[in-house]
Amino acid sequence: MTKKHVLGIDIGGSGIKGAPVDLQAGQFATDRERVDTPEDSTPEAVAELVAEVAKTFKGEVDSKAPVGVAVPAVVHHGVVRTAANIDPSWIGTDAEALFRTVLDRPVIVVNDADAAGAAEMHYGAGRGSDGVVLVTTLGTGIGTALFLGGELLPNTELGHVELDGHDAETRAANSAREREELSWEEWAERLQRYYGHLEDLFWPDLVIVGGGVSKKAEKYLPHLHLRAPIIPAELRNDAGIIGAAWLASHHR
Ligand code: BGC
Numbered sequence: 116m117t118k119k120h121v122l123g124i125d126i127g128g129s130g131i132k133g134a135p136v137d138l139q140a141g142q143f144a145t146d147r148e149r150v151d152t153p154e155d156s157t158p159e160a161v162a163e164l165v166a167e168v169a170k171t172f173k174g175e176v177d178s179k180a181p182v183g184v185a186v187p188a189v190v191h192h193g194v195v196r197t198a199a200n201i202d203p204s205w206i207g208t209d210a211e212a213l214f215r216t217v218l219d220r221p222v223i224v225v226n227d228a229d230a231a232g233a234a235e236m237h238y239g240a241g242r243g244s245d246g247v248v249l250v251t252t253l254g255t256g257i258g259t260a261l262f263l264g265g266e267l268l269p270n271t272e273l274g275h276v277e278l279d280g281h282d283a284e285t286r287a288a289n290s291a292r293e294r295e296e297l298s299w300e301e302w303a304e305r306l307q308r309y310y311g312h313l314e315d316l317f318w319p320d321l322v323i324v325g326g327g328v329s330k331k332a333e334k335y336l337p338h339l340h341l342r343a344p345i346i347p348a349e350l351r352n353d354a355g356i357i358g359a360a361w362l363a364s365h366h367r
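This is the structure:
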């Protein structure tokens, strides 16, 4: 195996997942590794597990290339600034410095939806789309990534726009569907309000819906009526890892 692969790691609420990414093909070079996110998911506890995941792939990645790590928060120049669905102790943590220390390698830390969006733009549903593309991930929260001509505007955080007097993700995320036991039609009504609002603000040419629930897109997307086409993501659960590796190797 060549050693040209770049390590991507995706830190989520339930698992920390990583794989060497073949950036030419836009896919994992080997099977991914996953460990449970610890209950007490402080930066230090998570960093230890990130190092464990990274160790698995030692011989398979380019040891000089920066590792890409995706986290479910705003990441401003390597520093985590929010913690909507992660341990609050992350706020103010220089995550790049922390991971660099435990991995002994350069590291680029990015927002999870920005990572998933980058993967979709380069290898998935957004391939070749030049205009304004809005990628969203529907999971515990709502993550968003906004592109113009394929260039990412990072940390857009449109999951937190106000919707009917609420933080939108508390109404329209997949976790809200599960928590409130909404039917697909009921959830689609919330999604219509949400995407309709974003569409009025940003006028995207294309909307891509990611997150685990994108594999059931036929249950809710046909109920939505937007100006722009709205389509499911293609890379699903691999997108965060692949996009983290892509962003790390294209960092400027
Ligand atoms: C966070 C975002 C994140 C999204 C998906 C939101 O609550 O604020 O930073 O991308 O959840 O994990």
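When the letters of the sequence shown are read in order and numbered with our numbering, they come out as residues 116 to 367. Note that the Cβ used here is the ideal one computed from N, Cα and C, for glycine as well.
Reduced DSSP category for residue i - H, G, I as helix; E, B as strand; rest coil
i	result
Val-194	strand
Gly-174	helix
Ala-140	coil
Met-116	The predicted model places Met-116 with a pLDDT of 46, which falls under 50 and marks its position as unreliable; any figure quoted below should be read in that light. It is coil, neither helix nor strand.
Lys-179	coil
Glu-167	helix
Pro-337	helix
Val-266	Looking at the sequence shown, residue 266 is not Val but Glu. Note: Glu-266 maps to strand in three-state DSSP.
Neighbour-count burial assignment, residue i, 16 or more Cβ in a 10 Å radius
i	result
Arg-242	exposed
Gly-264	exposed
Glu-235	buried
Glu-284	buried
Trp-318	exposed
His-120	buried
Asp-155	exposed
Ser-329	buried
Gly-353	The question names Gly, but residue 353 is Asp in the sequence shown. Buried.
The alpha helix (DSSP H) enclosing residue i, as first and last residue numbers
i	result
Gly-311	299–317
Ala-228	227–238
Thr-285	283–287
Endpoints, beta strand (DSSP E) assigned at residue i
i	result
Arg-149	148–151
Ile-206	Careful: Ile-206 lies outside any beta strand (DSSP E) and carries neither H nor E.
Ala-363	Premise fails: Ala-363 lies in the alpha helix (DSSP H), 354–364, not in any beta strand (DSSP E).
Val-189	No beta strand (DSSP E) contains Val-189, which DSSP labels as neither H nor E.
Thr-251	247–253
Assumed close pair residue i, residue j - CB separation to whole angstroms, cut-off 8 angstroms
i	j	result
Ala-332	Pro-347	4 angstroms
The region 216–228 contacting the region 179–190, beta-carbon criterion three pairs below 8 angstroms: yes
At least three beta-carbon pairs within less than 8 angstroms, the region 223–238 to the region 258–266: yes
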